[in-house]
């Protein structure tokens, strides 16, 4: 059991609340040091895509296939991964 602070008024309570994360981190570091374990600073979580949802962007619709092919070539020349998708009305 560890006594961290003696809180007997609102000011003490507010001070403890404002320093809570620092106190917890200091306690964790002290315990790990006693156990001979290095403390590793937590990194910010990286948001990973779920792999289930894709968002597609269309650059145009053409009724003439040659015009669509020309646009694909322009997009590829600009570094985009472009392809033709056929939609029947």
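In the numbering used here, the protein residues as written are 19 to 107.
Glycine included, C-beta positions come from ideal geometry on N, C-alpha and C.
For residue i, which of helix, strand or coil comes out of DSSP?
i: residue 61; result: coil
i: residue 56; result: coil
i: residue 46; result: helix
i: residue 34; result: helix
i: residue 39; result: helix
i: residue 86; result: helix
i: residue 28; result: helix
Just tell me which of the options has its CA closest to the CA of residue i.
i: residue 108; options: 80, 78, 39; result: Absent from the model: residue 108. The displayed extent of the chain is 19 to 107, so no value can be given.
i: residue 86; options: 45, 56, 103; result: 103
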